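Worksheet for the structure shown next.
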Amino acid sequence: MCDDFNQSRSTSKYPADSGHLKKTQLPPHVLLDCIQTQIWFLTDEVHYGFVNKAHSRFIGLEKSRIEGRSLYNFFSPEEAETCIKSNRVVFENQSFVISEEWMKDRTGQNRLLKICKTPVHDPETGKTCVVCSAEDITEQRQLDEMRGEFLSTAAHELRSPLTSIMGFAELVMARPDLSGEKRNRYNAHILAQSKILESIIANYLNVSQIESGRDLPFNPGPVCIKTLITEVVQQFTDQKTDREFVCSIGNAPELQLDRVKMIQVMYNLLSNAVKYSKQGSRVMVHGQCQKSGQYHITVSDNGCGMTKQEQEHVFNKYFRGTRARHQCKGLGLGMAVVKYMVDLHQGQTWLESEPGKGTTVHVLLPCGNSSSCFLSSA
């Protein structure tokens, strides 16, 4: 095997002599400038030696304007002192350290860097420097926090209806003497809470399937949209949400819809309207055929509303506005699912909102036959 290896070296088109290798080697600083990881070394606890291009881009200055200067020249006293504290540990203990440090980048944004600090001793000079390599983990930390918040919220969202179901089920079983009226009322409550639980699980499963890259099954068929909307509104009325539902649903021809998915769309819209509005307030549901051959649905509330900036992210998975987070629990999946399912129907979704005044969500669905849709609205 060794003979084969030696033969391959001798027949290689690249000579193996050290002179050729020296000619083809790149200077270390060129290699370090080509990588995206931030690299620098410190001559003492405070002062820069070499920095690579990735770190100079982070600071926003040319390398020559950084090398040899103090950390205090580029970072706030608090940031510099945090960095110096871990540098001191490396110099004093001559040991490898991993630290997480917040630093402002060239745009002034706070970024979390995971920095590996390694002591390197130069036998010729007898001096020690610290070599640092940094990875920006800001987004990773944000995702971890979102994941933790999501799991906590998901547990709460699932526990609430489940606790209610268990409580009423135990009551029905423990009281065989309950009147038929009370038994029916308790069973209706169990059914209503079960539907809430089903909706939460459906949203989560739908998003999981979308994120995995699999298409959701789409089974369109003739559906009376007026009947569908009325049925979903009735579900919320039966749940005793302490909201007044005002409906104005115009006639329409049967639309080609996936019934299960459109029920989920309407359930999510009404659930949000109830969730983010005050007790005793109105939730308005309107449906009407348009001359353009589309069926226009709106769901309006006079709840907490959203800022313009929040509206830009409302269809993103896991997003919840500031007021929404303070007002009630939620997974931030409902509107993402609404948009995806309306898109499956080749429809459109948008909203209008104002902080403190409420939100109106619009859904536009194709009728298929514009003339029949217009006649139905006449």
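In the working numbering, the protein residues as written are 4 to 381.
Just so it is clear, CB atoms sit at the ideal spot from N, CA and C, and this is done for glycine as well.
Values in this document were obtained by computation on a predicted structure and should not be read as measured data.
Going residue by residue through the stretch 76–112, where are the continuous beta strand (DSSP E) segments of at least 3 residues, counting only ones entirely within it?
Whole beta strand (DSSP E) segments, 3+ residues: 100–107.
Counting C-beta neighbours from all protein chains within 10 Å, is the total for Phe239 16 or more, i.e. buried, or is it exposed?
So Phe239 counts as buried.
What first and last residue would you give for the beta strand (DSSP E) that runs through Tyr51?
Unbroken beta strand (DSSP E) run through Tyr51: 51–54.
Assuming Arg246 and Ser284 are in contact, meaning their beta carbons sit under 8 Å apart, how far apart are those beta carbons, in whole angstroms?
Their Cβ separation, rounded to whole angstroms, is 6 Å, which keeps Arg246 and Ser284 in contact under 8 Å.
Are the CB atoms of Leu336 and Asn206 nearer to each other than 8 Å?
Yes, they are a contact pair.
Under three-state DSSP, which class holds Thr131?
Looking at Thr131 - three-state DSSP - the assignment turns out to be strand.
Does the Cβ of Val133 have 16 or more other Cβ atoms within 10 Å, making it buried, or fewer, making it exposed?
Val133 should be labelled buried.
Ignore the nearest five residues each way along the sequence and tell me which others in Met309's own chain have a CB closer than 7 Å to its CB.
Once the five neighbours on either side are set aside, the close Cβ partners of Met309 are Val317, Gly324, Ser356, Pro358, Thr362.
Cβ-heavy atom distance between Asn206 and the ligand MN below 7 Å?
You won't find the ligand MN in this model; it holds no ligand whatsoever.
Would you report the Cα separation of Ala177 and Pro164, rounded to the nearest angstrom?
Answer to the nearest angstrom: the Cα atoms are 20 Å apart.
If you draw a straight line from the alpha carbon of Glu65 to that of Pro126, how long is it in whole angstroms?
C-alpha separation (whole angstroms): 30 Å.
Taking just the CA atoms, how far does Thr301 sit from Val286?
Distance between the alpha carbons of Val286 and Thr301 is about 10 Å.
For Ala137, which of Ile168, Phe44, Lys264, Lys198 has the nearest alpha-carbon?
It is Phe44 whose Cα lies nearest to the Cα of Ala137.
Give the single residue among Gln39, Gly111, Ile204, Asp261 whose Cα lies nearest to the Cα of Pro225.
Checking every option, the nearest Cα to that of Pro225 belongs to Asp261.
Mind checking whether Ala191 and Ile228 have CB atoms under 8 Å apart?
No. Outside cutoff.
Helix, strand or coil for Lys278, going by three-state DSSP, please let me know.
Helix, per DSSP.
Whether or not the stretch 51–62 and the stretch 85–93 are in contact is what I'm after, with contact meaning three or more pairs of Cβ atoms, one per stretch, closer than 8 Å; do they touch?
Verdict: no, contact absent.
So, is Lys120 buried or exposed, given that buried needs 16 or more other C-beta atoms within 10 angstroms?
Under this definition Lys120 is a buried residue.
Quick one, which of Pro30, Ser182, Ala339, Ile38 has its alpha-carbon nearest Lys264's?
Checked all of Pro30, Ser182, Ala339, Ile38; the closest Cα to Lys264 is Ala339.
For Cys37, count neighbouring C-beta atoms within 10 Å of its own C-beta (all shown protein chains included) and say buried if the count is 16 or more, exposed if not.
Looking at its Cβ environment, which holds fewer than 16 other Cβ atoms inside 10 Å, Cys37 is exposed.
Quick one: what does DSSP say Thr244 is sitting in, helix, strand or coil?
In the structure shown, Thr244 sits in coil (DSSP, three-state: anything other than H, G, I, E or B).
Tell me the DSSP bridge mates of Thr352?
For Thr352, which the question treats as bridged, DSSP gives the partners Val366.
For Leu367 and Met269, I'd like the C-alpha separation in whole angstroms.
Near 13 Å, if we compare the C-alpha coordinates of Met269 and Leu367.
Whole angstroms are fine: how far does the CA of Val49 sit from the CA of Trp105?
Cα to Cα, Trp105 sits roughly 17 Å from Val49.
Would Tyr279 and Asp304 be called neighbours here (beta carbons separated by less than 8 Å)?
Yes, these two residues count as a Cβ contact at 8 Å.
Just the Cα atoms here: how many angstroms apart are Ile62 and Pro80?
Spanning the two alpha carbons is a distance of roughly 15 Å.
Measuring alpha carbon to alpha carbon, tell me which of Ile199, Arg60, Lys342 ends up nearest Lys320.
Looking at the Cα atoms, Lys342 is the closest of the given residues.
Helix, strand or coil: how does DSSP classify Arg285 here?
Three-state DSSP puts Arg285 in a strand.
If you count every other CB in all the chains shown that lies within 10 Å of the CB of His58, and 16 or more means buried, which is it?
It is buried - the Cβ of His58 has at least 16 other Cβ atoms within 10 Å.
Here's the rule: buried if 16 or more other CB atoms are within 10 angstroms of the residue's CB, otherwise exposed. What is Gln41?
Gln41 comes out buried.
According to DSSP, what are the bridge partners of Arg114?
According to DSSP, Arg114 bridges with Met106.
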